[in-house]
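Residue numbering for the sequence shown follows full-length UniProt numbering, beginning at 1 and increasing consecutively. Just so you know, even glycine gets a beta-carbon here, dropped at the ideal spot from N, CA and C. Just so we're clear, the structure is a prediction, and the values are computed from it rather than from any experiment.
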Amino acid sequence: MGFAYEPEEAAMNESNRQGLMQKLKLVSAGTLAAACLLLAGCWDEVNLQDVSYISAIGVDYVNGEYHLYTQMINFAAVAKTESPQTHNQKTWVGKGKGDSVLLAFYNLSRSAYTTLNLEHLKAIVVHERALGKIADVLDGLNRQRASRYTSLLYGTDEELEKVLTTENFFDQSPLNSILYLPDPHIKQYTFLKPLKMQNAVQLLREPGMTTLMPALNTTKKYWQHGKKKMNTQLIDGVFVFKNFQYQGFASEKDLLGVRWLDEAFQKVFIKAGGGPNEATVSITKSKFRIQMKSASPDQASLRLTISLTGHVIELDGQMTESEIVSSIQTRVKEEIESTYRYGVGKGMDVFQLQHYLYRYHHGYWKQHVKGKEWKPDKDLLAEVEVHLDLTDTGKFDLESGT
């Protein structure tokens with residue numbers, strides 16, 4: 001016996017099916033639209049041949065006018081290949097002038113065949129002549145939307161064309177240099193940690209802080225290729241700022257003591273003893289602590305403690321472990337005291353003692369330092385203590401002794 005649907009019921013079922021199909025179509029369309037949102041679009045695609053990417057900028061200030069230098073690197077010199085590639089020209093340096101940093105950049109763009117782009121900017125070098133206007137320089141660069149806060153910041157007292165056209169080893173990319181990649185250099189020779197633009201802006205605005213900007217210069221003293229001396233990069237000092245006020249240049253030999261207070265400390269070789277009996281010690285850790293020793297209405301008194309860890313890597317003659325430790329502790333203490341005296345003579349707070357007072361003894365800072373022409377004096381750093389933990393003597397047999 002069969003069943004038959006009434007006409008009205010059949011029409012209702014057909015209507016339901018159509019409604020269901022309509023809903024499925026809407027769901028499918030919505031799912032497809034949502035999926036499209038996850039797809040990478042090509043509407044902002046850029047052809048590389050239409051863009052010139054600037055990797056480094058140099059800023060100078062001459063006769064009331066900003067001189068802006070830009071360095072561009074050949075992409076072929078950057079790309080990794082299985083064998084070294086020789087390129088006669090790896091870098092190009094441009095120069096523009098203007099009443100501001102941005103106007104100098106705009107002036108340079110007049111002669112560019114393609115769009116000048118700062119999205120790959122990695123380093124900024126400011127000539128000493130422009131350091132007195134560091135606030136304007138940083139403001140101008142930061143107003144460029146594409147510029148990067150992670151760019152490394154250096155000062156120099158050499159002509160910027162010379163700094164931006166140094167030579168490299170083994171036909172490597174110009175990116176393998178101190179200008180762009182200082183970390184490998186610092187791991188084997190500690191003096192001062194790199195300064196990024198974002199850190200510079202923070203430090204320059206921080207109350208009581210002294211900012212040390214690495215000085216990047218060139219030298220032909222160390223390397224040569226065949227009979228030709230190579231022009232290579234070298235960090236040979238610092239430019240000192242108090243807030244945004246430029247205080248002057250200090251060479252590395254004048255500020256050797258700052259390396260022992262470097263939070264990014266990696267390695268320092270230092271000699272112990274002298275004459276027929278001497279040793280070389282590799283210092284691999286340096287920790288420091290500043291403490292208030294005493295405070296009076298007229299004078300605060302601070303103690304600086306340095307804790308070192310190292311091991312013997314060379315030994316000539318005979319020395320006991322205690323003699324090596326004592327000699328190193330004395331040398332490091334002398335370096336720190338000499339650096340502090342140099343800073344006092346120049347009015348430079350190279351050990352950040354004012355900032356220590358601001359952070360940890362704010363009441364004293366407000367009463368005796370804030371709003372005054374404060375400078376460190378010889379009595380502020382009253383005591384320096386150095387402790388060395390000699391963890392290993394290597395293959396050398398040290399004489400026993402106390």
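Secondary structure of L116 (DSSP, three-state): strand. About 5 Å separates the CB atoms of I124 and L153; that is less than 8 Å, so the two are in contact. By the 16-neighbour rule on beta-carbons within 10 angstroms, W223 is exposed. DSSP places L315 in the strand class (E or B) of the three-state scheme. Bounds of the alpha helix (DSSP H) holding E337 are 321–346. Looking at the backbone, the Cα of F269 and that of T393 are separated by about 14 Å. Under the three-state reduction of DSSP output, N142 falls in the helix class. Here the alpha carbons of E385 and T190 stand approximately 21 Å from one another. The alpha carbon of L261 has as its nearest neighbour, out of K372, L353, S100, L116, the alpha carbon of L353.
Relative to the Cα of T218, the nearest Cα in the group L203, D157, E383, Q198 belongs to D157. C-alpha of S294 to C-alpha of S326: approximately 27 Å in a straight line.
Taking 8 Å as the cut-off, the beta carbon of R110 is found no closer than this to the beta carbon of D60. Under the three-state reduction of DSSP output, E161 falls in the helix class. Taking a contact as a CB-CB distance under 8 Å, the pair V238 and L192 counts as one, their CB atoms being some 6 Å apart.
Counting C-beta pairs with one atom in each stretch, the segment 273–282 and the segment 311–319 have three or more that are closer than 8 Å, which means they touch.
Contact annotation: T232 and P174 have beta-carbon atoms that are not nearer than 8 Å. Per DSSP, the continuous alpha helix (DSSP H) segment holding L102 begins and ends at 101–109. The beta carbon of W374 sits closer than 7 Å to the beta carbons of Q354 from its chain, once the five residues preceding and following it are set aside; these are given in chain order. Rounded to the nearest angstrom, the gap between the Cα atoms of E335 and E252 is 11 Å. L390 sits away from I290, with the two beta carbons spaced by 8 Å or more. Using a 10 angstroms sphere on the CB of F265, the tally of other CB atoms reaches 16 or more, which defines it as buried. In this structure, I306 lies near V332, with their beta-carbon atoms less than 8 Å apart. For K133, the number of other beta carbons within 10 angstroms of its own is at least 16, and it is reported as buried. Beta-bridge partners assigned by DSSP to D389: T309. Under the rule that a run must span 3 or more residues, the beta strand (DSSP E) segments found entirely inside the segment 191–258 read 210–219, 232–242, 245–251. Cβ contact annotation for T115 (same chain, cutoff 6 Å, sequence separation greater than five): V51, in chain order. In the three-state DSSP reduction, T150 falls in the coil class, being neither helix nor strand. Secondary structure of D60 (DSSP, three-state): strand. For R341 and G257, the gap between their C-alpha atoms comes out near 11 Å.
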